[in-house]
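K.L.:
Take a look at this one; I'll ask things after.
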Amino acid sequence: MFSIARMTRATTLEVLGQEHVKVARAFGLPERLVIYKYTLRNALIPVVTVVGLIFGYLLAGAVITETVFAYPGLGRLLIDAIFSRDYPVVQIGILFVATTFAVVNTIVDILYMIIDPRIRASRGGR
Numbered sequence: 103m104f105s106i107a108r109m110t111r112a113t114t115l116e117v118l119g120q121e122h123v124k125v126a127r128a129f130g131l132p133e134r135l136v137i138y139k140y141t142l143r144n145a146l147i148p149v150v151t152v153v154g155l156i157f158g159y160l161l162a163g164a165v166i167t168e169t170v171f172a173y174p175g176l177g178r179l180l181i182d183a184i185f186s187r188d189y190p191v192v193q194i195g196i197l198f199v200a201t202t203f204a205v206v207n208t209i210v211d212i213l214y215m216i217i218d219p220r221i222r223a224s225r226g227g228r
């Protein structure tokens, strides 16, 4: 959680030093508008990417946590199925995890287009 906050801060500070933010301030726009419209939208692109990757780490961490602490869940089910050689359950479990991760990555791509309209324009031109 702190890594997301640190990354948000770092990318925001980086974007604050760019020319388009300085120009927006020179035009006399309110600081709140400069922060939300010109700075935060550009700073959120790497943060959304990291959040999507962290979700994958959370899926892997759930398997380890459920195994170590004997919590019932998908991770524990997969480990038990692997050890008992129950291949259909292993296949369905892996398919579910992979599909979930693919859906999260698709949501991240959609968020890219919502956050930065330039991405939508560049993809639509093909």
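Sequential numbering from 103 applies to the sequence shown in my numbering. We put the beta carbon where it would ideally sit given N, CA and C, even for glycine. As the structure is a prediction and not an experimental result, all values here were calculated from the model.
1) According to DSSP, is GLY158 helix, strand or coil?
2) What are the start and end residues of the alpha helix (DSSP H) that includes ASP211?
3) Would you call the CB atoms of ILE217 and ARG111 closer than 8 Å?
4) In terms of residue numbering, what span does the alpha helix (DSSP H) encompassing LYS139 cover?
5) Please state the DSSP three-state secondary structure of PRO132.
6) CB VAL210 to CB GLY154, shorter than 8 Å?
7) Is the segment 155-174 in contact with the segment 133-140, if contact means three or more CB pairs nearer than 8 Å?
8) Along the chain, where does the alpha helix (DSSP H) that runs through PHE185 open and close?
P.N.:
According to the structure data:
1) DSSP places GLY158 in helix when its eight states are reduced to three.
2) Under the DSSP assignment, ASP211 falls in the alpha helix (DSSP H) whose first and last residues are 189-217.
3) Not in contact: ILE217 and ARG111 (Cβ atoms no closer than 8 Å).
4) Counting along the chain, LYS139 sits inside no alpha helix (DSSP H), nor does DSSP assign it H or E at all.
5) Of the three classes helix, strand and coil, the one that applies to PRO132 here is coil, per DSSP.
6) One thing to note: VAL210 has its Cβ within 8 Å of the Cβ of GLY154.
7) The answer is no - the segment 133-140 does not touch the segment 155-174, with fewer than three Cβ pairs under 8 Å.
8) Per DSSP, PHE185 belongs to the alpha helix (DSSP H) from 176-185.
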